[in-house]
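Just so you know, we're using numbering that gives the first Met the number 0 here: the sequence shown kicks off at 0 and counts up by one.
Backbone N, C-alpha and C define an ideal beta-carbon position, used for all residues, glycine too.
As the structure is a prediction and not an experimental result, all values here were calculated from the model.
Remarks on the structure that follows.
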Amino acid sequence: MPDAVPGAVADEVPRTAAAALRWATSRLGAAGVPSPRVDAEALLAHALGVDRAEARRLAVLDRALPDGAGDRFAADVARRAAREPLQHLTGVAPFRHLELAVGPGVFVPRPETEQVAQVAIDEAARVVARKGTAVVVDLCTGSGAIALAVATEVPGARVHAVELDAAAHGWASRNVAAATGDRPDAVVHLLRGDARTALRELDGTVDVVVSNPPYVPPGAVPRDPEVADHDPAVALYGLGDDGLEVPRGVTAAAARLLRPGGLYVMEHAEVQAAAARAMVAGTTVGTTVGTTVGTAGFGPVSTRDDLTGRPRMVVARRSDRAPERPSPHPDVRPAAGRTVTD
0 MPDAVPGAVA DEVPRTAAAA LRWATSRLGA AGVPSPRVDA EALLAHALGV DRAEARRLAV
60 LDRALPDGAG DRFAADVARR AAREPLQHLT GVAPFRHLEL AVGPGVFVPR PETEQVAQVA
120 IDEAARVVAR KGTAVVVDLC TGSGAIALAV ATEVPGARVH AVELDAAAHG WASRNVAAAT
180 GDRPDAVVHL LRGDARTALR ELDGTVDVVV SNPPYVPPGA VPRDPEVADH DPAVALYGLG
240 DDGLEVPRGV TAAAARLLRP GGLYVMEHAE VQAAAARAMV AGTTVGTTVG TTVGTAGFGP
300 VSTRDDLTGR PRMVVARRSD RAPERPSPHP DVRPAAGRTV TD
(Lines of atoms letter the chains of each structure in order from A and count residues from 1; the text may use other names and numbers.)
(Lines give C-alpha, C1' and ligand atoms only; values in the text may rest on other atoms or scores of the structure.)
Protein backbone atom coordinates (compact mmCIF):
# COMPACT_ATOMS: atom_id res chain seq x y z
CA MET A 1 0.00 0.00 0.00
CA PRO A 2 1.30 3.52 -0.74
CA ASP A 3 2.74 5.45 2.18
CA ALA A 4 0.28 8.25 1.33
CA VAL A 5 -2.51 6.39 3.10
CA PRO A 6 -1.78 6.92 6.81
CA GLY A 7 -3.34 4.71 9.45
CA ALA A 8 -4.52 1.99 7.06
CA VAL A 9 -3.19 -1.35 5.88
CA ALA A 10 -3.10 -2.66 2.33
CA ASP A 11 -6.14 -4.91 2.55
CA GLU A 12 -8.21 -2.03 4.04
CA VAL A 13 -7.95 0.24 0.99
CA PRO A 14 -11.36 -0.02 -0.71
CA ARG A 15 -11.56 -0.87 -4.39
CA THR A 16 -15.30 -0.61 -5.08
CA ALA A 17 -17.68 2.26 -4.31
CA ALA A 18 -19.92 0.23 -2.00
CA ALA A 19 -16.97 -1.18 -0.07
CA ALA A 20 -15.49 2.29 0.14
CA LEU A 21 -18.58 3.75 1.77
CA ARG A 22 -18.97 0.86 4.23
CA TRP A 23 -15.33 1.03 5.24
CA ALA A 24 -15.26 4.82 5.60
CA THR A 25 -18.55 5.02 7.48
CA SER A 26 -17.31 2.46 10.01
CA ARG A 27 -13.96 4.15 10.46
CA LEU A 28 -15.39 7.67 10.80
CA GLY A 29 -18.06 6.47 13.23
CA ALA A 30 -15.41 4.83 15.40
CA ALA A 31 -13.46 8.12 15.40
CA GLY A 32 -16.47 10.03 16.76
CA VAL A 33 -17.29 11.97 13.59
CA PRO A 34 -20.90 13.13 14.07
CA SER A 35 -22.17 12.28 10.56
CA PRO A 36 -19.99 9.40 9.31
CA ARG A 37 -22.12 8.27 6.36
CA VAL A 38 -22.68 11.80 5.04
CA ASP A 39 -18.98 12.60 5.36
CA ALA A 40 -18.01 9.31 3.70
CA GLU A 41 -20.23 10.12 0.73
CA ALA A 42 -18.78 13.63 0.46
CA LEU A 43 -15.22 12.31 0.55
CA LEU A 44 -15.96 9.61 -2.02
CA ALA A 45 -17.55 12.18 -4.32
CA HIS A 46 -14.49 14.39 -3.88
CA ALA A 47 -12.08 11.54 -4.66
CA LEU A 48 -14.05 10.64 -7.80
CA GLY A 49 -14.66 14.21 -8.94
CA VAL A 50 -18.45 13.77 -8.98
CA ASP A 51 -21.37 15.01 -6.87
CA ARG A 52 -22.77 13.07 -3.92
CA ALA A 53 -25.76 11.78 -5.85
CA GLU A 54 -23.45 10.19 -8.41
CA ALA A 55 -21.25 8.75 -5.67
CA ARG A 56 -24.31 7.10 -4.11
CA ARG A 57 -25.37 5.73 -7.50
CA LEU A 58 -21.95 4.20 -8.05
CA ALA A 59 -22.15 2.64 -4.60
CA VAL A 60 -25.55 1.09 -5.34
CA LEU A 61 -24.06 -0.42 -8.50
CA ASP A 62 -20.87 -1.32 -6.57
CA ARG A 63 -18.70 0.00 -9.37
CA ALA A 64 -14.93 -0.42 -9.19
CA LEU A 65 -13.02 2.69 -8.24
CA PRO A 66 -10.70 4.17 -10.89
CA ASP A 67 -6.96 3.76 -10.44
CA GLY A 68 -5.73 5.98 -7.62
CA ALA A 69 -9.19 6.96 -6.39
CA GLY A 70 -9.21 4.38 -3.60
CA ASP A 71 -5.88 5.56 -2.25
CA ARG A 72 -6.95 9.21 -2.41
CA PHE A 73 -10.19 8.36 -0.67
CA ALA A 74 -8.47 6.36 2.08
CA ALA A 75 -6.01 9.19 2.72
CA ASP A 76 -8.84 11.70 3.10
CA VAL A 77 -10.78 9.33 5.38
CA ALA A 78 -7.74 9.01 7.62
CA ARG A 79 -7.47 12.81 7.86
CA ARG A 80 -11.19 13.14 8.58
CA ALA A 81 -10.93 10.44 11.25
CA ALA A 82 -8.26 12.63 12.85
CA ARG A 83 -11.01 15.32 12.95
CA GLU A 84 -9.67 17.55 10.24
CA PRO A 85 -12.70 19.52 8.99
CA LEU A 86 -14.52 17.92 6.08
CA GLN A 87 -14.59 21.30 4.36
CA HIS A 88 -10.79 21.56 4.49
CA LEU A 89 -10.55 18.21 2.71
CA THR A 90 -13.09 18.98 -0.01
CA GLY A 91 -12.15 22.67 -0.21
CA VAL A 92 -15.76 23.86 -0.16
CA ALA A 93 -18.53 24.66 2.33
CA PRO A 94 -22.22 25.00 1.49
CA PHE A 95 -24.04 28.10 2.71
CA ARG A 96 -27.65 28.53 1.66
CA HIS A 97 -27.52 28.23 -2.16
CA LEU A 98 -23.79 29.02 -2.31
CA GLU A 99 -20.72 26.79 -2.43
CA LEU A 100 -17.85 28.69 -0.84
CA ALA A 101 -14.15 28.01 -1.06
CA VAL A 102 -12.67 27.50 2.42
CA GLY A 103 -9.52 26.14 4.01
CA PRO A 104 -6.98 26.83 6.75
CA GLY A 105 -7.06 30.44 7.87
CA VAL A 106 -10.79 31.13 7.54
CA PHE A 107 -13.75 30.20 9.70
CA VAL A 108 -15.93 27.55 8.07
CA PRO A 109 -19.51 28.91 7.78
CA ARG A 110 -22.12 26.91 9.69
CA PRO A 111 -25.75 26.17 8.86
CA GLU A 112 -26.82 27.98 12.06
CA THR A 113 -25.65 31.27 10.57
CA GLU A 114 -28.01 30.89 7.61
CA GLN A 115 -30.84 32.28 9.73
CA VAL A 116 -28.77 35.36 10.57
CA ALA A 117 -28.35 35.86 6.84
CA GLN A 118 -32.10 35.34 6.38
CA VAL A 119 -32.92 38.24 8.70
CA ALA A 120 -30.60 40.52 6.72
CA ILE A 121 -31.96 39.23 3.42
CA ASP A 122 -35.58 39.80 4.44
CA GLU A 123 -34.88 43.36 5.57
CA ALA A 124 -32.83 44.19 2.47
CA ALA A 125 -35.63 42.86 0.26
CA ARG A 126 -38.19 45.04 2.07
CA VAL A 127 -36.01 48.11 1.59
CA VAL A 128 -35.46 47.33 -2.10
CA ALA A 129 -39.20 46.89 -2.62
CA ARG A 130 -39.81 50.28 -1.03
CA LYS A 131 -37.07 52.40 -2.61
CA GLY A 132 -35.42 50.29 -5.33
CA THR A 133 -32.06 49.71 -3.65
CA ALA A 134 -30.60 48.85 -0.25
CA VAL A 135 -27.18 49.39 1.31
CA VAL A 136 -26.01 46.46 3.41
CA VAL A 137 -22.80 46.12 5.42
CA ASP A 138 -21.37 42.78 6.62
CA LEU A 139 -18.80 43.35 9.35
CA CYS A 140 -16.27 40.56 10.03
CA THR A 141 -17.25 38.83 6.80
CA GLY A 142 -14.76 35.94 7.01
CA SER A 143 -15.35 33.79 3.93
CA GLY A 144 -17.90 36.30 2.65
CA ALA A 145 -20.83 33.94 3.30
CA ILE A 146 -23.43 36.40 4.61
CA ALA A 147 -22.43 39.20 2.24
CA LEU A 148 -22.69 36.92 -0.79
CA ALA A 149 -25.99 35.43 0.37
CA VAL A 150 -27.52 38.92 0.56
CA ALA A 151 -26.00 40.09 -2.72
CA THR A 152 -27.07 37.03 -4.71
CA GLU A 153 -30.54 36.69 -3.20
CA VAL A 154 -31.62 40.35 -3.17
CA PRO A 155 -31.37 42.07 -6.57
CA GLY A 156 -30.87 45.75 -5.89
CA ALA A 157 -28.80 45.25 -2.73
CA ARG A 158 -25.41 46.92 -2.66
CA VAL A 159 -23.30 45.04 -0.14
CA HIS A 160 -20.09 46.16 1.56
CA ALA A 161 -18.09 43.43 3.32
CA VAL A 162 -15.28 44.16 5.79
CA GLU A 163 -12.56 41.74 6.94
CA LEU A 164 -9.22 42.57 8.54
CA ASP A 165 -7.46 39.21 8.79
CA ALA A 166 -5.27 38.67 5.72
CA ALA A 167 -5.95 34.95 5.32
CA ALA A 168 -9.71 35.31 5.71
CA HIS A 169 -9.76 38.30 3.37
CA GLY A 170 -8.01 36.19 0.75
CA TRP A 171 -10.71 33.51 0.95
CA ALA A 172 -13.46 36.15 0.83
CA SER A 173 -11.88 37.76 -2.23
CA ARG A 174 -11.82 34.40 -3.99
CA ASN A 175 -15.46 33.74 -3.15
CA VAL A 176 -16.64 37.19 -4.19
CA ALA A 177 -14.89 36.83 -7.54
CA ALA A 178 -16.39 33.38 -8.11
CA ALA A 179 -19.94 34.27 -7.06
CA THR A 180 -20.25 37.64 -8.75
CA GLY A 181 -18.04 37.15 -11.80
CA ASP A 182 -20.98 36.26 -14.03
CA ARG A 183 -23.59 38.09 -11.93
CA PRO A 184 -23.32 41.84 -12.59
CA ASP A 185 -26.47 42.32 -10.48
CA ALA A 186 -24.75 40.81 -7.41
CA VAL A 187 -22.66 43.62 -5.94
CA VAL A 188 -20.17 43.06 -3.10
CA HIS A 189 -17.54 45.68 -2.32
CA LEU A 190 -14.92 43.84 -0.25
CA LEU A 191 -12.69 45.90 2.01
CA ARG A 192 -9.76 44.79 4.12
CA GLY A 193 -10.07 46.89 7.24
CA ASP A 194 -11.01 47.14 10.92
CA ALA A 195 -14.72 46.50 11.40
CA ARG A 196 -14.83 49.12 14.16
CA THR A 197 -13.66 52.01 12.01
CA ALA A 198 -14.28 51.05 8.38
CA LEU A 199 -16.63 52.71 5.88
CA ARG A 200 -16.96 56.06 7.61
CA GLU A 201 -18.08 57.49 4.28
CA LEU A 202 -21.30 55.49 4.74
CA ASP A 203 -22.09 56.82 8.23
CA GLY A 204 -25.81 57.28 8.69
CA THR A 205 -26.78 55.87 5.29
CA VAL A 206 -26.79 52.06 5.68
CA ASP A 207 -30.06 50.12 5.68
CA VAL A 208 -28.79 46.86 7.20
CA VAL A 209 -25.70 45.97 9.23
CA VAL A 210 -25.13 42.25 9.79
CA SER A 211 -22.27 40.57 11.61
CA ASN A 212 -21.06 37.22 12.85
CA PRO A 213 -18.08 38.49 14.85
CA PRO A 214 -15.75 36.58 17.16
CA TYR A 215 -17.64 36.13 20.43
CA VAL A 216 -16.47 32.98 22.27
CA PRO A 217 -15.61 33.83 25.92
CA PRO A 218 -11.98 33.14 26.84
CA GLY A 219 -12.72 30.10 29.00
CA ALA A 220 -15.25 28.51 26.67
CA VAL A 221 -13.11 26.32 24.43
CA PRO A 222 -15.30 24.82 21.68
CA ARG A 223 -15.95 21.11 22.17
CA ASP A 224 -15.55 19.96 18.58
CA PRO A 225 -11.92 19.36 17.51
CA GLU A 226 -12.80 20.67 14.05
CA VAL A 227 -13.46 24.07 15.62
CA ALA A 228 -11.00 24.13 18.51
CA ASP A 229 -8.03 22.83 16.52
CA HIS A 230 -8.66 24.19 13.04
CA ASP A 231 -10.73 27.38 13.04
CA PRO A 232 -8.45 30.42 13.52
CA ALA A 233 -8.48 31.78 17.07
CA VAL A 234 -8.94 35.33 15.79
CA ALA A 235 -12.28 34.19 14.34
CA LEU A 236 -13.42 32.56 17.57
CA TYR A 237 -12.59 34.54 20.68
CA GLY A 238 -14.39 37.83 21.29
CA LEU A 239 -12.11 39.03 24.12
CA GLY A 240 -13.10 40.38 27.48
CA ASP A 241 -14.44 38.34 30.36
CA ASP A 242 -17.74 37.82 28.55
CA GLY A 243 -16.40 37.37 25.02
CA LEU A 244 -18.26 40.50 23.89
CA GLU A 245 -15.43 43.02 23.66
CA VAL A 246 -15.10 42.69 19.88
CA PRO A 247 -18.91 42.63 19.46
CA ARG A 248 -19.08 45.92 21.42
CA GLY A 249 -16.85 47.55 18.84
CA VAL A 250 -18.89 46.06 16.01
CA THR A 251 -22.12 47.27 17.63
CA ALA A 252 -20.77 50.80 18.00
CA ALA A 253 -19.82 50.70 14.31
CA ALA A 254 -23.34 49.55 13.43
CA ALA A 255 -24.86 52.46 15.35
CA ARG A 256 -22.57 54.81 13.42
CA LEU A 257 -23.30 53.32 10.00
CA LEU A 258 -27.07 52.78 10.16
CA ARG A 259 -29.64 55.35 9.11
CA PRO A 260 -32.53 55.93 11.54
CA GLY A 261 -34.75 52.87 11.27
CA GLY A 262 -31.96 50.73 9.84
CA LEU A 263 -31.66 47.15 11.08
CA TYR A 264 -28.80 45.55 12.99
CA VAL A 265 -28.45 41.77 13.38
CA MET A 266 -25.50 40.09 15.12
CA GLU A 267 -24.84 36.45 15.91
CA HIS A 268 -23.80 35.46 19.43
CA ALA A 269 -23.46 32.37 21.61
CA GLU A 270 -26.57 30.82 23.13
CA VAL A 271 -25.47 31.77 26.64
CA GLN A 272 -24.90 35.41 25.64
CA ALA A 273 -28.48 36.29 24.69
CA ALA A 274 -29.27 38.52 27.66
CA ALA A 275 -25.81 40.10 27.73
CA ALA A 276 -25.96 40.79 23.98
CA ARG A 277 -29.34 42.52 24.32
CA ALA A 278 -28.01 44.62 27.18
CA MET A 279 -24.89 45.46 25.17
CA VAL A 280 -26.89 46.64 22.17
CA ALA A 281 -29.45 48.47 24.26
CA GLY A 282 -26.79 50.19 26.33
CA THR A 283 -28.72 49.56 29.55
CA THR A 284 -29.57 46.75 31.95
CA VAL A 285 -31.91 43.99 30.84
CA GLY A 286 -35.52 44.78 31.69
CA THR A 287 -38.27 42.53 32.96
CA THR A 288 -39.72 41.71 29.54
CA VAL A 289 -38.21 38.42 28.44
CA GLY A 290 -36.37 38.71 25.13
CA THR A 291 -36.87 42.47 24.69
CA THR A 292 -35.15 45.55 26.10
CA VAL A 293 -35.69 49.20 25.19
CA GLY A 294 -32.42 50.74 24.03
CA THR A 295 -31.00 54.11 25.03
CA ALA A 296 -27.69 54.23 23.14
CA GLY A 297 -28.59 54.46 19.48
CA PHE A 298 -31.00 51.55 19.12
CA GLY A 299 -34.70 51.10 19.66
CA PRO A 300 -36.32 47.87 20.92
CA VAL A 301 -33.74 45.09 21.08
CA SER A 302 -34.77 41.45 20.71
CA THR A 303 -33.30 37.98 20.56
CA ARG A 304 -34.11 35.55 17.74
CA ASP A 305 -33.46 31.86 17.36
CA ASP A 306 -31.34 30.01 14.82
CA LEU A 307 -32.59 27.06 12.79
CA THR A 308 -32.07 24.73 15.75
CA GLY A 309 -34.32 26.82 18.00
CA ARG A 310 -31.50 28.24 20.11
CA PRO A 311 -31.25 32.00 20.92
CA ARG A 312 -28.35 32.97 18.67
CA MET A 313 -28.80 36.52 17.36
CA VAL A 314 -29.62 39.99 18.59
CA VAL A 315 -31.76 42.23 16.38
CA ALA A 316 -32.41 45.95 16.80
CA ARG A 317 -33.37 49.06 14.84
CA ARG A 318 -31.43 52.29 14.86
CA SER A 319 -33.30 54.95 16.77
CA ASP A 320 -33.39 58.67 16.04
CA ARG A 321 -31.06 59.36 18.95
CA ALA A 322 -27.37 59.79 18.32
CA PRO A 323 -25.43 56.90 19.86
CA GLU A 324 -23.13 57.48 22.77
CA ARG A 325 -19.53 57.37 21.63
CA PRO A 326 -17.70 54.46 23.30
CA SER A 327 -14.38 55.09 24.97
CA PRO A 328 -11.43 53.75 22.98
CA HIS A 329 -10.01 50.33 23.84
CA PRO A 330 -6.35 50.39 22.72
CA ASP A 331 -5.71 46.95 24.18
CA VAL A 332 -8.35 45.26 22.02
CA ARG A 333 -7.23 43.45 18.88
CA PRO A 334 -8.99 44.50 15.68
CA ALA A 335 -12.20 42.64 14.90
CA ALA A 336 -11.86 39.97 12.25
CA GLY A 337 -13.23 36.58 11.36
CA ARG A 338 -16.33 34.60 12.13
CA THR A 339 -17.44 32.12 14.72
CA VAL A 340 -20.03 29.81 16.15
CA THR A 341 -20.06 27.92 19.41
CA ASP A 342 -22.37 25.72 21.36
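Buried versus exposed call for residue i [16 or more other C-beta atoms within 10 Å across all chains shown]
i, result
"E162", "buried"
"S318", "buried"
"A58", "buried"
"P183", "exposed"
"R311", "buried"
"T179", "buried"
"A150", "buried"
"G308", "exposed"
"D281", "It should be noted that the sequence gives Gly, not Asp, for residue 281. With 16 or more Cβ atoms within 10 Å of its Cβ, G281 is classed as buried."
"H96", "exposed"
"L189", "buried"
"G131", "exposed"
"G69", "buried"
"D240", "exposed"
"A128", "exposed"
"P259", "exposed"
"A52", "exposed"
"P213", "buried"
"D305", "buried"
"A29", "exposed"
"E111", "buried"
CB contact flag (residue i, residue j, <8 Å)
i, j, result
"R316", "G248", "no"
"A144", "L99", "yes"
"G104", "G90", "no"
"T250", "V279", "yes"
"G141", "A171", "yes"
"A54", "A16", "yes"
"D211", "E266", "The amino acid occupying residue 211 in the given sequence is Asn; Asp does not appear at that position. Cβ distance < 8 Å, so N211 and E266 count as in contact."
"V209", "V264", "yes"
"A160", "D137", "yes"
"A146", "V187", "yes"
"L198", "L256", "yes"
"G242", "Q271", "yes"
"L43", "L20", "yes"
"R276", "V215", "no"
"A92", "P108", "yes"
"P362", "F94", "Missing from the structure shown is residue 362; the chain here goes from 0 to 341 and no further."
"A32", "A80", "Looking at the sequence itself, residue 32 is Val, so the reference to Ala does not match. Yes. Within cutoff."
"A252", "R195", "yes"
"V135", "V245", "no"
Which residues DSSP lists as bridging residue i, in chain order
i, result
"F94", "L97"
"D304", "P310"
"A160", "D137 and L189"
"S25", "Answer by DSSP bridge pairing: none, since S25 is not bridged."
"E266", "M312"
"L257", "V205"
"P13", "In the DSSP output, where bridge partners are listed per residue, P13 has none listed."
"R317", "F297"
"S210", "L138 and M265"
Residue i CB to nearest heavy atom of the ligand ZN below 7 Å
i, result
"E244", "The ligand ZN is absent from the structure shown, which contains no ligand whatsoever."
*asked:* For the structure I just gave you, are there three or more beta carbon pairs, one from the segment 29 to 38 and one from the segment 80 to 88, closer than 8 Å?
replied: In short, these stretches touch, since the Cβ pair count reaches three.
*Which runs of the beta strand (DSSP E) fall wholly inside the segment 92 to 145 and span at least 3 residues, in chain order?*
97 to 100 and 133 to 138
_Across the segment 108 to 120 and the segment 60 to 74, are there enough close Cβ pairs to call them in contact, namely three or more that are closer than 8 Å?_
no
*asked:* When you compare the segment 152 to 160 with the segment 62 to 81, are there three or more beta-carbon pairs, one atom per stretch, that lie closer than 8 Å?
replied: no
*Kindly provide the ranges of any beta strand (DSSP E) runs that are 3 or more residues long and lie completely inside the segment 34 to 101, ordered along the chain.*
Given a length threshold of 3 residues, each whole run of the beta strand (DSSP E) inside the segment 34 to 101 is given here in chain order: 91 to 94 and 97 to 100.
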